[in-house]
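Chains A and B, in that order, are what the protein sequence lines are.
For the first sequence, this note's numbering begins at 1 and goes up steadily by one.
For the second sequence, this note's numbering begins at 344 and goes up steadily by one.
Note that the Cβ used here is the ideal one computed from N, Cα and C, for glycine as well.
2 protein chains.
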Amino acid sequence: MSLQNDLILRAARGEETERYPVWLMRQAGRILTEYRAVRGALSGFKELVETPELAAEVTIQPVDILGVDAAIIFSDILVVPEAMGLEYQMVEQKGPWFEETIRTESELSKVDFDIDVEDRLSYVLEAIKITNKSLDGRVPLIGFAGAPWTIFCYMTEGQGSKTFSVARKILYTNPILAHRLLDAITNVTIKYLKAQVKAGAHMLQLFDSWAGILGPEQYATFGLHYLKKIADAVNEVPLTLFSKGAHHSYSELAALNCNTIGVDWQIDMKKARLLVGEDRTLQGNLDPSALYASHKDVENVTKNMLKSFENKRHIVNLGHGVYPDVDPEKVKTFIQTVKNFER
Amino acid sequence: MSLQNDLILRAARGEETERYPVWLMRQAGRILTEYRAVRGALSGFKELVETPELAAEVTIQPVDILGVDAAIIFSDILVVPEAMGLEYQMVEQKGPWFEETIRTESELSKVDFDIDVEDRLSYVLEAIKITNKSLDGRVPLIGFAGAPWTIFCYMTEGQGSKTFSVARKILYTNPILAHRLLDAITNVTIKYLKAQVKAGAHMLQLFDSWAGILGPEQYATFGLHYLKKIADAVNEVPLTLFSKGAHHSYSELAALNCNTIGVDWQIDMKKARLLVGEDRTLQGNLDPSALYASHKDVENVTKNMLKSFENKRHIVNLGHGVYPDVDPEKVKTFIQTVKNFER
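Rendered as structure tokens:
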């Protein structure tokens, strides 16, 4: 099926685009009343993730309602550890919670190293197929996974944490265990991303949400090393690496076999460009809380950001997921400002 | 009273020292069984903070037990908003919680802009006096306060947060309110720090724990601007600025009227030195989770860090507070490695 809008793919590959493409992390989610209506009728977040028709429906909502240039499949990074054998729950107001964790060598037996992703994650692949059918080529569909380091954090810690000190403890006390688990996650993730492409994903993003809690040396060893393996193995479609908070490693990230580097709002885009160089597309990086401002101010801060891009390779996004209590009308102002901007 | 060990003061001023001084953030706290014994007999954390004799006792514990080169007064950064009129509770397993918050102009009336710190924070000042009496000049005593931006976060958000999106929203929707509150916090903090010096603090540290959630531009406006006011006003003793996560602003921080820049573990110390220059002392920055390693490994990572200092101006510390479940014997290995290191 040919795409009517392939701006984001061309921007990722560094080709000419008539304007900057724009989408938002977490665009399919609680900011939309239409999402809350679907979600409210269900038993919980996981039922939505695991029901392909409904996951497809909320994936498409922001395309219809907000006018973004890409859809991103509605899912969760934790479907991978679950497929490997660690079931998770999404606890209201608290976040993810795992009954079982991996903290010792013997506990590695709790997870399957070699799984059939087409089987265990069929619900995501099915959602991708349904989404593309409904989108009918209007915009590209982004697939995604968590980066191995971030998935490792959850599989060892068992829940969210300010410090992930349990996960980081293992890096010092049992690096062999850490590498074995990271390697297993990496192998499953490669298969999973390839399956997403086969199902119809037009581009891919890896979310390394907890990259920023490691120092540069440990991130090289336990983070970048595995991102490289994935980037080298998955070549079918453009790949975005989003290592939140890891400004120290932007140059090293940019040296990987990827197209786009995700940029959070805590770094000036010009500095990010200096670190990344001219051969990669940058994605980001408006402060998510800027969308709390007045329409006029949203327009102004967005324009200032766009001017700072100096006509280089950019995909517009926030520096992190949109906050759930943001007014969708402000999101529309953000998107419209990008669309109206004359390069 | 003359000090028998003034290493840390000399290091802060950039004077020659025979070895690097060493202390740990949160050294007076849950890592020590002796602390837990004192704390366990009380109704809660705040009773300890507000009872000068006991606060002094736990302040001195790490000097006796661990052999650190400085004591830091046992207290909390939230005593300042409380003294201004917003009472806080420390909820077990959850952290700080404020019944009242400031989110609108009219809510500013909930706080007192001009308070007598000698009266309202007498319990901290009294604890400083008792501590110095008991220390009898063995090591210097560090006083501290939260940086205005971080205190603003708690006064507006009312509790800890991963994003502090309520606090950051105000920066976009009502910057005038933000500046009025930040200014009030700054004025009280200046008086409070001066009172700590008068009571006997030999050096001071400002903790900007949430610096890293702002981008460089907003941190300049809402963070550094107020740190500068404090640094210019408080000149009596050496001052340390610890803006966690704000690597983007290290050069600007170093330009302020301070002696030492606190460095977290997410930046390489050589890069920090490049940003800060040669005219300031750096404090940090071992990864707190490195203390989970074996004694041999603790020694090795500590030595590697010390070598990277290249004999420049340094005070040794962790990159953040010591984690409560770390074995105090590992802390001793860390401290002993610093003391034995030949420059």
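Compare the C-alpha of residue i against each of the options and name the closest.
i: residue 373 of chain B; options: B:353, B:401, B:350 and B:346; result: B:401
i: residue 437 of chain B; options: B:626, B:503 and B:630; result: B:503
i: residue 23 of chain A; options: A:71, A:52 and A:43; result: A:71
i: residue 579 of chain B; options: B:553, B:569, B:544 and B:568; result: B:544
i: residue 670 of chain B; options: B:359, B:350 and B:376; result: B:376
i: residue 653 of chain B; options: B:686, B:540 and B:483; result: B:686
i: residue 570 of chain B; options: B:599, B:426 and B:639; result: B:599
i: residue 427 of chain B; options: B:395, B:660 and B:495; result: B:495
i: residue 131 of chain A; options: A:73, A:86 and A:171; result: A:73
i: residue 45 of chain A; options: A:205, A:313 and A:77; result: A:77
i: residue 218 of chain A; options: B:644, B:362 and B:497; result: B:644
i: residue 14 of chain A; options: A:280, A:26 and A:47; result: A:280
i: residue 336 of chain A; options: A:198, A:68 and A:199; result: A:68
For residue i, which residues in chain B fall below 7 Å Cβ to Cβ?
i: residue 265 of chain A; result: 558
i: residue 36 of chain A; result: The premise fails here: residue 36 of chain A is roughly 18 Å from chain B at the closest Cβ pair, so nothing lies under 7 Å.
Using the Cβ count rule (16 or more neighbours within 10 Å means buried), how would you classify residue i?
i: residue 91 of chain A; result: exposed
i: residue 4 of chain A; result: exposed
i: residue 575 of chain B; result: exposed
i: residue 273 of chain A; result: buried
i: residue 632 of chain B; result: buried
i: residue 244 of chain A; result: buried
i: residue 208 of chain A; result: buried
i: residue 169 of chain A; result: buried
i: residue 592 of chain B; result: buried
i: residue 380 of chain B; result: exposed
i: residue 41 of chain A; result: exposed
i: residue 238 of chain A; result: buried
i: residue 519 of chain B; result: exposed
How is residue i classed by DSSP in three states: helix, strand or coil?
i: residue 243 of chain A; result: strand
i: residue 23 of chain A; result: coil
i: residue 214 of chain A; result: coil
i: residue 96 of chain A; result: strand
i: residue 260 of chain A; result: strand
i: residue 206 of chain A; result: strand
i: residue 495 of chain B; result: helix
i: residue 663 of chain B; result: coil
i: residue 683 of chain B; result: helix
i: residue 624 of chain B; result: strand
i: residue 137 of chain A; result: coil
i: residue 487 of chain B; result: strand
i: residue 458 of chain B; result: coil
i: residue 354 of chain B; result: helix
If we ignore side chains and look at the alpha-carbon of each, how far apart do residue i and residue j end up?
i: residue 407 of chain B; j: residue 418 of chain B; result: 19 Å
i: residue 12 of chain A; j: residue 535 of chain B; result: 53 Å
i: residue 103 of chain A; j: residue 601 of chain B; result: 43 Å
i: residue 440 of chain B; j: residue 684 of chain B; result: 43 Å
i: residue 628 of chain B; j: residue 460 of chain B; result: 33 Å
i: residue 6 of chain A; j: residue 147 of chain A; result: 26 Å
i: residue 409 of chain B; j: residue 111 of chain A; result: 41 Å
i: residue 221 of chain A; j: residue 647 of chain B; result: 17 Å
i: residue 54 of chain A; j: residue 189 of chain A; result: 24 Å
i: residue 619 of chain B; j: residue 585 of chain B; result: 13 Å
i: residue 264 of chain A; j: residue 345 of chain B; result: 49 Å
i: residue 252 of chain A; j: residue 539 of chain B; result: 45 Å
i: residue 681 of chain B; j: residue 649 of chain B; result: 8 Å
i: residue 109 of chain A; j: residue 171 of chain A; result: 19 Å
i: residue 216 of chain A; j: residue 610 of chain B; result: 7 Å
i: residue 43 of chain A; j: residue 101 of chain A; result: 25 Å
i: residue 549 of chain B; j: residue 363 of chain B; result: 21 Å
i: residue 391 of chain B; j: residue 382 of chain B; result: 7 Å
Name the chain A residues whose beta carbon is nearer than 8 Å to that of residue i?
i: residue 633 of chain B; result: 172
i: residue 512 of chain B; result: 289 and 292
List, in chain order, every chain B residue whose beta-carbon is nearer than 9 Å to that of residue i.
i: residue 212 of chain A; result: 555, 588 and 609
i: residue 273 of chain A; result: Ordered by position in chain B, no residue passes the 9 Å Cβ test against residue 273 of chain A, which lies about 14 Å from the chain.
Which residues of chain A have a Cβ atom closer than 9 Å to the Cβ of residue i, listed in chain order?
i: residue 490 of chain B; result: Those within 9 Å of residue 490 of chain B in chain A number zero; the least Cβ separation is about 17 Å.
i: residue 591 of chain B; result: 247, 266, 267, 268 and 271
Output, in chain order, the set of chain A residues within a Cβ distance shorter than 7 Å of residue i.
i: residue 508 of chain B; result: 289 and 323
Name the chain B residues whose beta carbon is nearer than 8 Å to that of residue i?
i: residue 297 of chain A; result: 515
i: residue 314 of chain A; result: Within 8 Å Cβ-Cβ: nothing; residue 314 of chain A doesn't reach chain B, min ~17 Å.
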